[in-house]
Amino acid sequence: MSNLFLPFFDLLQFVMELWRFMELKGVSMNNICSSLMMQALCKGGYLKEAFDIMDLLGESQCLYPVLPLYNSLLRSCTKMRSIIQASKCLNLMEKKLVGKNEVTYTELLKLAVLQNNFSAAHLIWKEYIKNYTTSIIALRRFIWSFTKLGDLKSAYNMLQQIVSLAIRGNISIGRTVYGKLYSTRLDIPVPSNKGLGSTILDLKDNKKLDSYGLNGQKHSLLMKVLRWSFNDIIHGCAKQKNYMLARKLMLQMENLGLQPSSHTYDGFIKAVVSHRSFVDVIGVLEKMQQKNLKPYDSTLATLSITCSKALQLDLAEALLNKIAECQCPHPYNVLLASCDALNQPERALRVFAKMKQNLFLPNIRTYELLFSLFGVVNAPYEDSNILSQVDTAKRINAIEKDMAKNGIHHSYLSMRNLLRALGEEGMVTELIQYLQVAENLFIYRNPSLGKHMYNTVLHYLVEAKKSSLAIAIFKRMKLIGSPPDSETYNIMIDCCSITECYRSACLLMAMMIRKGFCPVTCTYTAIIKILLQDENFNEALNILKQVILDGIQPDVLLFNTFLKEACYKERIDVIEFIVECMHREKVPPDSATCGYVFSAYVNSGFYNTAIEALQVLSLRMMSEDGNILREKKNFVNEFILSEDLNVESQILKLFEDSEDELAVGLLNLRWCAVAGFPICESADQSLWAKRLERMQL
Numbered sequence: 001m002s003n004l005f006l007p008f009f010d011l012l013q014f015v016m017e018l019w020r021f022m023e024l025k026g027v028s029m030n031n032i033c034s035s036l037m038m039q040a041l042c043k044g045g046y047l048k049e050a051f052d053i054m055d056l057l058g059e060s061q062c063l064y065p066v067l068p069l070y071n072s073l074l075r076s077c078t079k080m081r082s083i084i085q086a087s088k089c090l091n092l093m094e095k096k097l098v099g100k101n102e103v104t105y106t107e108l109l110k111l112a113v114l115q116n117n118f119s120a121a122h123l124i125w126k127e128y129i130k131n132y133t134t135s136i137i138a139l140r141r142f143i144w145s146f147t148k149l150g151d152l153k154s155a156y157n158m159l160q161q162i163v164s165l166a167i168r169g170n171i172s173i174g175r176t177v178y179g180k181l182y183s184t185r186l187d188i189p190v191p192s193n194k195g196l197g198s199t200i201l202d203l204k205d206n207k208k209l210d211s212y213g214l215n216g217q218k219h220s221l222l223m224k225v226l227r228w229s230f231n232d233i234i235h236g237c238a239k240q241k242n243y244m245l246a247r248k249l250m251l252q253m254e255n256l257g258l259q260p261s262s263h264t265y266d267g268f269i270k271a272v273v274s275h276r277s278f279v280d281v282i283g284v285l286e287k288m289q290q291k292n293l294k295p296y297d298s299t300l301a302t303l304s305i306t307c308s309k310a311l312q313l314d315l316a317e318a319l320l321n322k323i324a325e326c327q328c329p330h331p332y333n334v335l336l337a338s339c340d341a342l343n344q345p346e347r348a349l350r351v352f353a354k355m356k357q358n359l360f361l362p363n364i365r366t367y368e369l370l371f372s373l374f375g376v377v378n379a380p381y382e383d384s385n386i387l388s389q390v391d392t393a394k395r396i397n398a399i400e401k402d403m404a405k406n407g408i409h410h411s412y413l414s415m416r417n418l419l420r421a422l423g424e425e426g427m428v429t430e431l432i433q434y435l436q437v438a439e440n441l442f443i444y445r446n447p448s449l450g451k452h453m454y455n456t457v458l459h460y461l462v463e464a465k466k467s468s469l470a471i472a473i474f475k476r477m478k479l480i481g482s483p484p485d486s487e488t489y490n491i492m493i494d495c496c497s498i499t500e501c502y503r504s505a506c507l508l509m510a511m512m513i514r515k516g517f518c519p520v521t522c523t524y525t526a527i528i529k530i531l532l533q534d535e536n537f538n539e540a541l542n543i544l545k546q547v548i549l550d551g552i553q554p555d556v557l558l559f560n561t562f563l564k565e566a567c568y569k570e571r572i573d574v575i576e577f578i579v580e581c582m583h584r585e586k587v588p589p590d591s592a593t594c595g596y597v598f599s600a601y602v603n604s605g606f607y608n609t610a611i612e613a614l615q616v617l618s619l620r621m622m623s624e625d626g627n628i629l630r631e632k633k634n635f636v637n638e639f640i641l642s643e644d645l646n647v648e649s650q651i652l653k654l655f656e657d658s659e660d661e662l663a664v665g666l667l668n669l670r671w672c673a674v675a676g677f678p679i680c681e682s683a684d685q686s687l688w689a690k691r692l693e694r695m696q697l
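Be aware that the sequence shown starts at 1, since it is given in the UniProt record's numbering, and climbs by one per residue.
1. Does the stretch 659-669 come close enough to the stretch 544-561 that 3 or more CB-CB pairs lie under 8 Å?
2. Thinking C-beta only, is Ala510 closer than 8 Å to Ile528?
3. At 3 residues or longer, and completely inside the stretch 127-151: list those beta strand (DSSP E) runs for me, N to C.
4. Go through the stretch 358-399 residue by residue and report every complete run of the alpha helix (DSSP H) that reaches 4 residues or more, in order.
5. The beta strand (DSSP E) with Tyr182 in it runs from where to where?
6. Assuming Phe142 and Leu109 are in contact, meaning their beta carbons sit under 8 Å apart, how far apart are those beta carbons, in whole angstroms?
7. Out of Leu373, Glu638, Tyr524 and Asn358, state which residue places its alpha-carbon closest to the alpha-carbon of Tyr489.
8. Using CA coordinates, which residue listed in Arg365, Asn536 and Ser372 is at the minimum distance from Ile408?
9. Have a look at Val98, Ile399 and Leu159 and flag the residue whose alpha-carbon is nearest the alpha-carbon of Met415.
10. Between Glu612, Glu325 and Pro588, which has its C-alpha nearest Phe598's C-alpha?
11. Whole angstroms are fine: how far does the CA of Leu479 sit from the CA of Leu369?
12. For the beta strand (DSSP E) that Ile173 lies in, which residues bound it at each end?
13. Go ahead and label residue 699 buried or exposed: buried means 16 or more other beta carbons lie within 10 angstroms of its beta carbon, across all protein chains shown.
14. What ranges does the alpha helix (DSSP H) occupy inside the UniProt repeat "PPR" (485-519), keeping only unbroken runs of at least 4 residues that lie completely in it?
15. I'd like to check one pair, Ala505 with Cys518: are the Cβ atoms closer than 8 Å?
16. Here's the rule I'm using: 16 or more other beta-carbon atoms within 10 Å means buried, otherwise exposed. How should residue 712 be labelled?
17. Determine the closest residue to Tyr46 out of Val27, Asn30, Lys25 and Lys79, with distance taken between C-alpha atoms.
18. Report the option in Ala271, Gln546 and Val520 whose CA atom is closest to the CA atom of Asn242.
19. What residue range does the alpha helix (DSSP H) around Phe474 cover?
20. Just checking my contact of Arg347 with Glu317 at CB under 8 Å: how many whole Å lie between their CB atoms?
21. Just the Cα atoms here: how many angstroms apart are Lys569 and Ala663?
22. Do Glu425 and Thr456 come within 8 Å of each other at the CB atom, strictly closer than that value?
23. One question on the structure: do Ser308 and Leu335 come within less than 8 Å of each other, judged by their Cβ atoms?
24. Among Ile530, Glu624, Gln85 and Leu422, whose alpha-carbon lies nearest the alpha-carbon of Pro588?
25. Counting C-beta neighbours from all protein chains within 10 Å, is the total for Ile83 16 or more, i.e. buried, or is it exposed?
26. Please list the terminal residues of the continuous alpha helix (DSSP H) segment that includes Leu544.
27. Determine the direct distance from the alpha carbon of Leu92 to that of Phe14, and round the result to whole angstroms.
28. Distance check for Leu507 and His583, CA to CA, integer angstroms please.
Following this line, the structure appears as structure tokens:
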């Protein structure tokens, strides 16, 4: 007999040997033996063999498969996600006229959820209430199913029926020796006269359930079932971003005296983040802490993501550090993206180190962000050098090694970010090498993907004044079949400023128009730059006037192109024309504008005018109407006229908050005050500005 106990992977052989052994010993098969045999085969995954034996038993005159046996077979089909076998079982049940009981309906519900079949679940509900009066356990199963299928309205109505039954004391809940809850009422069909939505309770009518004289065990089981059902719907609200229903359910739980669990708050917080600010979300977390409820890791992850998106990075990082186990790197990636947006590579490095320390595996999105964060060594306003280029190469190599270690290959975006990093550092040789890698990985297989990558490379080649390489890449782009777009043509027109070839720029512009791309501000900026290199100010100014007449909004870069050349050539007339044109077109100056205009007047010996112009442009840079010092009197005393040695450090901190224009403007005005010049509180007070306003454009 001991030879019959074979390993589990020979379960089928074991069952068949046991059956033959029974026949050999003259032991008759009864319903109990057949049921246990079927259960063993189903648990082992031998559904086909179980069906064959079911057919065989059905042909026997001594044995007849009963409903529990079919339910067991149906349950196994559902567990193994075998829709075909489940349909076969249902057909067999219908053929044998075995009927259905509550267990059958439970398995049918699971099958409907497995198939994501919304209409089937409603048909099961209609058939169920024709045969049975609703019970708390049955309603709890339907709530789970309808929530999974996204029908929150029906699930909510069923929940109100559960509450109604609980208030009336119709509990009928028990617990098996294995801890599983079941309905204690007899499985006898009694039709229900209630459908969906027949029991809708007002929140103010709900009374605390511990006032109904339930014994301890019944009260505990009831509360457990109720909490499960509330949790199901609240988590469904989180998926559908239905904050209002989730809030309504939380209030009802409070009215019923039903304490929310950590799982409840996990769903509620996920619903809250879809409609409320991070302040409200943190308020919910504080409520949890007041109730001594420890948030789940998924709750902390949701909170961290919310804070990261709100750019509250200290709080986001603190929440992330509390997570013991993270199922995916998404919360870390969102925080890294915010670090990238706020230019905080030091924090990003700390976050990534924490991620590695906790053994959370990065994905390709992580590496896309790492290339964006660490590919460029130099901070803004700094030029690359040999040391920064060496450092960049080391960083890129380290990131790619880590990618290889985790078996992750380059994505289209990670390669674009890498190319941008190399371009920012002026590493032309490496830029071309990685472009070839990108061509092999992406562009040759799908030329349409090459457009943005080629544009990135062309932009940095033109910036590095590598016109010959840029022209070669442009030709290769067209040869491969990657169609140039408006950005491509604008870059190549700008490239003509390196070769100082106005004719080529005009040909490219004509080609651009033929391809259906309209010239934009940067197109005319490039054309004007070429004309100004030949000192053709008149033609350049005519183009500017035509741009304005055509309704194309000029930007500060276009105007600065004029100011730069006019400064070098000491053309004060052009300087003043452009400054007034900027003012009338409501284009605020930037730091470069201030520098060109100030230098032009100084180079021509007009020192007082230079200071006055610097003050007016600084005020216009800080606010649109140039009246910021009138509106904010504290700026004058706190930043401009203050004798405190730390004032300039405080002004420089504005750069960290991306308030560059305000910081530069305050520094300019402070310098004027230190030089002994009176401060002009409004651009409208300046005689220089008034003189320019009378100019005919």
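Idealized CB from N, CA, C, for every residue including glycine.
The short version:
1. no
2. no
3. none
4. 364-374
5. Leu181 to Ser183
6. Yes, they are in contact, since the Cβ atoms of Phe142 and Leu109 sit about 7 Å apart, within 8 Å.
7. Closest by alpha carbon: Tyr524.
8. Arg365
9. Ile399
10. Taking the Cα of Phe598 as reference, the smallest distance to any Cα among Glu612, Glu325 and Pro588 is reached at Glu612.
11. Cα to Cα, Leu369 sits roughly 32 Å from Leu479.
12. Ile173 to Arg175
13. Shown here, the chain extends from 1 to 697; a query on residue 699 therefore has no answer.
14. 486-499 and 502-514
15. No, the Cβ-Cβ distance between Cys518 and Ala505 is not below 8 Å.
16. Limits of the chain in this structure are 1 at one end and 697 at the other, which puts residue 712 out of reach.
17. Lys79
18. When only C-alpha atoms are compared, the closest one is Ala271.
19. Element bounds for Phe474: Ser467 to Ile480.
20. 7 Å
21. 29 Å
22. No; because the gap between Cβ atoms is not below 8 Å, this pair is not in contact.
23. yes
24. Glu624
25. exposed
26. Segment Phe537 to Leu549, the alpha helix (DSSP H) holding Leu544.
27. 26 Å
28. Spanning the two alpha carbons is a distance of roughly 33 Å.
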